[in-house]
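According to the working numbering, the sequence shown is numbered sequentially starting from 5. Beta carbons: idealized from backbone N, C-alpha and C, even for Gly. The structure appears right after this line, and notes come after that.
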Amino acid sequence: MARNGFDDAVRRGTTGAEAVEGLLAHARTRSRRGAVKACEEAVSLCRDLAQANPAAYEPLLARALRTTARALLRARRPEDALTRAEEAVALSRPQGGAPLVVALACLADVLSALHRDAEAAEAAAAAEKLAQESS
């Protein structure tokens, strides 16, 4: 099903996961402020899904949080991005692999934007090490 706008993402008959995916896709087409709004809505929906079924929806929640953190960085709001990036890392740790690598890289970008260079380097090094181990 094609997603053309915000309403398409959350219309009746759309499953929760489809709505989250639609909102995240919609965010990529929006201005900075519109992207943040769509991402935050996706996170909110995904939190409800993850509360009911953590094993099924925590990976999607981690992705929504990463996407939100990146949107907040583009909107020049790194302080707000930090909590989302840290939560994405925490949710990705049990999965490991590529999701954790991407979450750590996102966290490194946020920390760098906050001029917390030592912590950013540590997160980037952890992502690089994990990526090398996975290949």
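Burial state of residue i (16 or more Cβ within 10 Å)
{"i": "Ser138", "result": "exposed"}
{"i": "Ser35", "result": "exposed"}
{"i": "Arg67", "result": "buried"}
{"i": "Asp113", "result": "buried"}
{"i": "Ala39", "result": "buried"}
{"i": "Gly101", "result": "exposed"}
{"i": "Thr33", "result": "exposed"}
{"i": "Arg74", "result": "buried"}
{"i": "Ala103", "result": "What sits at residue 103 in the sequence shown is Pro, not Ala. That one is buried."}
{"i": "Ala89", "result": "buried"}
{"i": "Thr72", "result": "buried"}
{"i": "Gly9", "result": "Low per-residue confidence applies at Gly9: pLDDT is 48, beneath 50, and the placement is therefore not dependable, though the value from the model is reported in the following sentence. Counting Cβ neighbours within 10 Å, Gly9 comes out exposed, since fewer than 16 surround it."}
{"i": "Ala60", "result": "exposed"}
DSSP-derived helix/strand/coil call for residue i
{"i": "Thr33", "result": "coil"}
{"i": "Pro58", "result": "helix"}
{"i": "Ser48", "result": "helix"}
{"i": "Thr140", "result": "Shown here, the chain extends from 5 to 139; a query on residue 140 therefore has no answer."}
{"i": "Ala68", "result": "helix"}
{"i": "Ala79", "result": "coil"}
Residue i and residue j closer than 8 Å at C-beta
{"i": "Arg49", "j": "Ala23", "result": "According to the sequence provided, residue 49 is Leu. The question's Arg does not apply to it. Yes, the pair counts as a contact, with Cβ atoms nearer than the cut-off."}
{"i": "Ala124", "j": "Arg70", "result": "no"}
{"i": "Val93", "j": "Leu111", "result": "yes"}
{"i": "Ala131", "j": "Ala109", "result": "yes"}
Start-to-end residues for the alpha helix (DSSP H) that takes in residue i
{"i": "Gly101", "result": "Gly101 to Ala117"}
{"i": "Thr87", "result": "Pro82 to Ser96"}
{"i": "Ala130", "result": "Asp121 to Ser138"}
Any C-beta of chain D under 8 Å from that of residue i
{"i": "Asp113", "result": "Of the protein chains in the structure, only one exists, and it is not chain D."}
message = With three or more beta-carbon pairs closer than 8 Å as the criterion, would you say the segment 112-123 touches the segment 70-84?
response = Enough Cβ pairs lie closer than 8 Å, so yes.
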